[in-house]
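Report on the following structure.
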Amino acid sequence: MPKNKPQERMSALMCTEGTYPYEGGGVSTWCDILCHQLDQVDYTLYAITGSPNLVPKYTLPPNIKKTIFIPLWGTQEPAEYILPDRPFSEIYQHKQDTTNAVIGKKFLPLLRRFLQGMEEEGDITPYGRVIYELWLYFQKYDWNLTWKSEPAWRAFVEEVLGPYEAQPHRYLGSEIPSMFDLTNTMRWMYNFLMPLNASVPKVDLVHSTIASFAGLAGIIAKHAYGTPFLVTEHGVSIRERYIAISATDFGYFAKQFLLKMYNFISRLIYIYADKISPVANFNQRWETLYTNPDKILTIYNGINPRQFTPKPKPAKTAHRPTAVAAARVFPLKDIETMIRSAAVAREIIPDVYFVVYGSLLADPPYVAKCRRLIAELNLEGTFEFGGFHNNPSEIYSEGDLSVLSSISEGFPFTVLESMACARPVVGTDVGGVREALEGFGIVVPPNDPVAFGEGVVTLLQNDQLRLELGRKAREEVILRYTTELMLRKYWQLYDEMRNLGPQKPPQPAEPERQEAMPSIAPA
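For the sequence shown, my numbering begins at 560 and goes up steadily by one.
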C-alpha cells in the first residue's frame, strides 16, 4: 500500500444499499476494509437504508468525513433525514415553490420520460440525463408535494395504462393493473427513487457497491461534475432482484413493474460507469450483456490470513463431526437446503452436527420457517442456530469443515475465511464460489440437499482428503486472496480513475437514430 502523502489524498463517495455501515454481511466487511485501510482517501458515505431507525454497526474511521443517510421507508418528511444540513427556511421555500403549475411544467415531462425508459429495449443512454434532471428538480422543489400531487398521479396513470388501453386484446384480465396496483407501484417510485432527493457532493471518484439505486449518485455526479464512476459488483444485483421478486406474492403487473424499474436502473449504471470491478469473473456473464467488456476488471476479495488461522477444535465440538456456517439467515442463503442436507448427512453419520452463526434479524419470518423445518425433520440437536458471533475468526475452528448453501453470491468472504483457517468448504455453484473452491473444496449444485449432504459426508468420512484440502486452501488464500493484494489493486484503480480527469456523460451508440432530449431542468 502507498504511504500517506499530501499529494496522494483523494476524495470518494462510497455508495451503499442496505449494507455498510448499518448492516453486517460480506459487502459491509468489504466496505469496512476499504474505508479503514485506504486511509489516504477521504470518504463520504452515501448510505441507502430501509428504515430511518438505524445506528451504525461499525466504528467508522476518521477518514470518513460525512454520512449522507437515505432511508427509503418510514419517514413522513424525508428532508428531516436526507437533508439535515439544509436550513429550515430553504426547505420551507421549496414547499412554497412547489405548485401544480411547476409540477406540470418541470416534473411531469421527466416522470413520463422515466416511465418510457422503463419500457425501452434499445439504447437507454439518453435516460441518464432524465435521472440528472430529476435530481436537479428535487434540489429546488419538494419531494412530498410533487409525488403526492394530483398532476403527478394523473400523468403516472395515463402513462402506465397507455399500452393496455391502446391494445387491450394483448392482455389477460389478470395482467391489467387494478387501482391497488397503480397506487402501490407509484408509492414504490416515491420510495425507491428517494436518492434523487439527496445531495451529491463533488468528489474525485464515485464508488458504488451495487448496480442499483445507490449508483444513481454516479450518474448524477457524471453530469454535474464529470466525476469518474466506479461500480463494484458483489452479487449481480439484477439477478438477485429477479430471484427475490419472483418469490413474492405480488400480482403480475406489480412484479413486471418492479422488474422493469430495477432492470432500467441497473442498465443505466452499467452504461454510465467508467469502470466495473466485479469481485468474481462469474459476474461478467451478466455485465457484458449491458456494457463494454473492456471496462470490466475483476478484483477478488481478500482477507487477513494472520487473523484467520488454523486452530484445533474446541472442547464443545472436539468429539463430534461438525459443519459450521457463517451466514445471515435470509432467503438468498437458502438455509432450507442446508437444513435438508443435514437430514441427508445424518442418515450416514448419526451424530453429525450443523451450526449456523449469523444474524437472525434480517428476515424473522424466514427464520421461523427454518425452525419449523428443523422440527418437521426431527433435527433438533443436529441443526442449530448459534446467532450472531462477535469473533468471526473463531467460528471456523468449531467445525471440521464449513458450508455455504446460497442461491446467489459474489465472492464470499466466508469461503475465504474458512479456507484460511484450513477448513475446506462445501459450497453451492453460484457467483464466484467455484472460482475460489475448485481444487480446494467441494462445489455442488444449488437447491440440491442430497448433493450437499453427500459432500459434507465425503469430507467428514475422509480425514486425509479433508486435511489435504484444508492445507491447500490456506496456501491458496495466502497466494491470491489477501487484504493487501485487494487493497493494492483498488488503490491502483482509484489513482488511475482520478487521473482520467472530468468525464463527459456517455453518448448513444447511434446518435442519429436517437430522439433529441430537450433540457427541461429548472432554471
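Here a beta-carbon is modelled for each residue, glycine too, at the ideal position from N, C-alpha and C.
In this text, all values refer to a predicted model and were calculated from it rather than measured experimentally.
Neighbourhood of M569 by C-beta, 6 Å cutoff - its chain only, sequence neighbours within 5 removed: The residue given as residue 569 occupies position 10 in the sequence shown. For M569, where only same-chain residues beyond five positions count, the Cβ hits under 6 Å are V600, D763, R1057.
DSSP three-state call for T691: helix, strand or coil? Counting from one through the sequence shown, the residue named residue 691 turns up at place 132. According to the sequence provided, residue 691 is Tyr. The question's Thr does not apply to it. Y691 falls in the helix class under three-state DSSP.
I'd like to know whether the C-beta atoms of Y916 and F947 end up nearer to each other than 9 Å. Taking the sequence shown and counting its residues from 1, the one referred to as residue 916 is at position 357. Taking the sequence shown and counting its residues from 1, the one referred to as residue 947 is at position 388. In contact: Y916 and F947 (Cβ atoms closer than 9 Å).
Would you kindly work out how many angstroms separate the C-alpha atoms of A981 and R1033, rounded to a whole number? Here residue 981 corresponds to residue number 422 of the sequence shown, with the count starting at 1. Here residue 1033 corresponds to residue number 474 of the sequence shown, with the count starting at 1. Approximately 5 Å, taken between the alpha carbons.
Grab me the residues of A1082's own chain with a C-beta within less than 8 Å of its C-beta, minus the 5 sequence neighbours each way, in chain order. As a working note, residue 1082 is residue 523 in the sequence shown. Legend: pLDDT at A1082 = 35, less than 50; position of this residue unreliable, value from coordinates given subsequently. Within the same chain, A1082 has no close Cβ partners at all.
In terms of residue numbering, what span does the beta strand (DSSP E) encompassing P779 cover? For the purposes of this step, residue 779 is taken as the residue at position 220 of the sequence shown. Note on residue identity: the sequence assigns Ile, not Pro, to residue 779. Residue range 775 to 784 is occupied by the alpha helix (DSSP H) that includes I779, with no beta strand (DSSP E) assigned at that position.
Between the stretch 830 to 843 and the stretch 853 to 870, can you find at least three pairs of beta-carbon atoms closer than 8 Å? yes
CA-CA distance, Y581 and G969? Here residue 581 refers to the residue found at position 22 of the sequence shown. Here residue 969 refers to the residue found at position 410 of the sequence shown. Looking at the two C-alpha atoms, the distance is approximately 20 Å.
For my contact list, Y696 and L669 are in at a C-beta cut-off of 8 Å; report their separation, rounded to the angstrom. For the purposes of this step, residue 696 is taken as residue 137 along the sequence shown, with counting starting at 1. For the purposes of this step, residue 669 is taken as residue 110 along the sequence shown, with counting starting at 1. Yes, Y696 and L669 are in contact; Cβ-Cβ is about 7 Å, under 8 Å.
Inspect the CB distances between the stretch 988 to 996 and the stretch 927 to 937 and report whether three or more fall short of 8 Å. By the criterion of at least three beta-carbon pairs nearer than 8 Å, the stretch 988 to 996 is not in contact with the stretch 927 to 937.
By Cβ distance, which residues of its chain are closer than 6 Å to E1027, with the 5 residues on each side in sequence left out? The count along the sequence shown starts at 1 and reaches residue 1027 at position 468. There are no such residues.
Entirely within the stretch 854 to 901 and at least 3 residues each: give me those beta strand (DSSP E) ranges in chain order. 881 to 885
For V689, does the count of other Cβ atoms within 10 angstroms reach 16, so buried, or fall short, so exposed? In the sequence shown, counting from the first residue as 1, residue 689 sits at position 130. With 16 or more Cβ atoms within 10 Å of its Cβ, V689 is classed as buried.
Beta-carbon spacing of K624, T603 below 9 Å: For the purposes of this step, residue 624 is identified with residue 65 of the sequence shown, where counting begins at 1. For the purposes of this step, residue 603 is identified with residue 44 of the sequence shown, where counting begins at 1. Taking 9 Å as the Cβ cut-off, K624 and T603 qualify as a contacting pair.
Three-pair Cβ contact test at 8 Å for the stretch 1006 to 1013 versus the stretch 803 to 817: no
Starting from I1037, trace the alpha helix (DSSP H) in both directions and tell me its first and last residue. Counted from its first residue, the sequence shown places residue 1037 at position 478. Note, I1037: alpha helix (DSSP H), 1022 to 1039.
Is the stretch 956 to 974 close to the stretch 874 to 882, with three or more CB pairs under 8 Å? yes
What are the residues that DSSP puts in a beta bridge with I504? With the chain represented from 560 up to 1082, any question about residue 504 goes unanswered, as that position is not in the structure.
Tell me which residue opens and which closes the beta strand (DSSP E) that E576 is part of. Along the sequence shown, one-based indexing puts residue 576 at 17. Per DSSP, E576 belongs to the beta strand (DSSP E) from 569 to 576.
Pick from P890, L642, L674 that is closest to G721, judged by C-alpha positions: On the sequence shown, residue 721 is found 162 positions in, with the first residue counted as 1. Among P890, L642, L674, the Cα nearest to that of G721 is on L674.
What's the gap between the Cα of V765 and the Cα of N842? The residue you call residue 765 lines up with position 206 of the sequence shown. The residue you call residue 842 lines up with position 283 of the sequence shown. Each residue's CA atom was taken as its position, placing V765 and N842 some 20 Å apart.
Smallest Cα separation from L693: which of P754, K761, S767, W589? Taking the first residue of the sequence shown as position 1, residue 693 is located at position 134. Residue P754 is the option with its Cα nearest to L693.
Looking at the structure shown, is V989 part of a helix, part of a strand, or coil, going by DSSP? In the sequence shown, counting from the first residue as 1, residue 989 sits at position 430. In the three-state reduction of the DSSP assignment, V989 falls in the coil class.
The beta strand (DSSP E) that contains L764, what's its start and end? Locating residue 764 in the sequence shown gives position 205, where the first residue counts as 1. Looking at the DSSP string, the run of the beta strand (DSSP E) that includes L764 is 764 to 767.
Residue interval of the beta strand (DSSP E) (run including S967): Taking the first residue of the sequence shown as position 1, residue 967 is located at position 408. S967 -> no beta strand (DSSP E), and no H or E assigned at all.
Contact between the stretch 613 to 623 and the stretch 582 to 601 is defined here as three or more beta-carbon pairs at a separation below 8 Å; is this criterion met? yes
Determine the contact status of G1000 and V985, defining contact as a CB-CB distance below 9 Å. Within the sequence shown, residue 1000 is the residue found at index 441, counting from 1. Within the sequence shown, residue 985 is the residue found at index 426, counting from 1. In this structure, G1000 places its C-beta atom within 9 Å of the C-beta atom of V985.
Check whether the Cβ atoms of Y730 and G774 sit closer than 9 Å, and answer yes or no. Translated into positions along the sequence shown, residue 730 becomes position 171. Translated into positions along the sequence shown, residue 774 becomes position 215. It is not a contact, given that the beta carbons lie outside the stated cut-off.
From E863 to A885, what distance separates their C-alpha atoms? Numbered from its first residue, the sequence shown carries residue 863 at position 304. Numbered from its first residue, the sequence shown carries residue 885 at position 326. Sequence inspection shows Asn at residue 863; the Glu mentioned does not correspond to that position. C-alpha separation (whole angstroms): 17 Å.
Determine the direct distance from the alpha carbon of S805 to that of F788, and round the result to whole angstroms. Here residue 788 corresponds to residue number 229 of the sequence shown, with the count starting at 1. Here residue 805 corresponds to residue number 246 of the sequence shown, with the count starting at 1. When rounded, the distance between both Cα atoms is 31 Å.
Rounded straight-line distance, which links the Cα of G681 to that of L741: Mapped onto the sequence shown, residue 741 falls at position 182. Mapped onto the sequence shown, residue 681 falls at position 122. Answer to the nearest angstrom: the Cα atoms are 26 Å apart.
Here's the rule I'm using: 16 or more other beta-carbon atoms within 10 Å means buried, otherwise exposed. How should A780 be labelled? The count along the sequence shown starts at 1 and reaches residue 780 at position 221. A780 is buried by the Cβ-count criterion.
So, at 7 Å on beta carbons, what are the nonlocal neighbours of Y723 in its own chain, with the 5 sequence-adjacent residues on each side left out? Here residue 723 refers to the residue found at position 164 of the sequence shown. The answer, listed in chain order, is Y730, I735.
Just grab the DSSP bridge partners of F788 for me. As a position in the sequence shown, residue 788 is number 229, starting the count at 1. F788 is bridged to V765.
At least 3 beta-carbon pairs within less than 8 Å: the stretch 708 to 715 vs the stretch 782 to 796: The way I'd put it, the stretch 708 to 715 doesn't touch the stretch 782 to 796; fewer than three beta-carbon pairs between them come closer than 8 Å.
Could you pull the start and end residues of the alpha helix (DSSP H) that F972 belongs to? By 1-based counting over the sequence shown, the position of residue 972 is 413. Run containing F972: 972 to 979, per the alpha helix (DSSP H) assignment.
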